[in-house]
Amino acid sequence: MAMGAKRKLARFLILGASAAGALALPGCAGFERLLPPGFVKYEDLAGDEPPDPRIQERIAERRKEEGRAFPNLSQAPQTRPEPTPEAEREALAAELRAARDALAAAVAHDRELAAEERSERILLPGGENGPLPLDEAGRALQDTVAGDEAIARRERGLPPKPPAREDGQ
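If you use mature numbering (1 follows the signal peptide of the UniProt record, and there is no 0), the sequence shown corresponds to residues -24 to -1, 1 to 145, in order.
So, in structure tokens, the structure goes:
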């Protein structure tokens, strides 16, 4: 045998012996303690003791109750729901159309208000050009802030701010 094969065999035997020793420890229940936990039955918890009569009564009562059984899934696709009456469907459709029209009217009203707000003119402090529309005032304010920042960077001896990229980063 080659030297590498002997080492692998020795490692395998050592690991196997240690695993067998761990399972053979006193008080070990065998492989069951290594398995993932599952459902614990009442019988497993009670051991050899007889079940409590109160629990047996509860189980019997539950089994007697009707409507507590599991559904028969093989029959479920065969039963169709009751169709909605035509008058009720028309009423629901009319209600939905009315809600749609009310929503469309509210959206149109909001858009009109937004257009009015954008058309309003704003007088910026120190504005030599007089009142400006909202979009133009925003651009003018951004330009003023950028100019002030450039002046401040020069006064502090910092390099100019690199231009913004096209993709906004």
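Every residue, glycine too, gets a C-beta built ideally from N, C-alpha and C.
Predicted model, so just to flag it, every value in this text is computed and none were measured.
- Inclusion of LEU117 and LEU99 in the CB contact set at 9 Å is not warranted, their separation being larger than that value.
- DSSP lists ARG97 as the bridge partner or partners of PRO109.
- In this chain, the alpha helix (DSSP H) harbouring ARG30 covers 29 to 40.
- DSSP places ARG56 outside both helix and strand once states are collapsed to three, so it counts as coil.
- In this structure, LEU108 and ARG97 form a Cβ contact; the two beta carbons are roughly 6 Å apart against a cut-off of 8 Å.
- Assignment of GLY102 by DSSP, reduced to helix, strand and coil, places it in the coil class.
- Judged by their CB atoms, SER95 and LEU72 are not nearer to each other than the 9 Å cut-off.
- If you ignore the 5 residues before and after ALA113, its C-beta comes within less than 7 Å of the C-beta of ILE98 and LEU100, all in its own chain and listed in chain order.
- If you ignore the 5 residues before and after ALA126, its C-beta comes within less than 8 Å of the C-beta of PRO136 and LYS137, all in its own chain and listed in chain order.
- With contacts defined as CB atoms closer than 9 Å, THR60 and LEU49 fail to qualify as a contacting pair.
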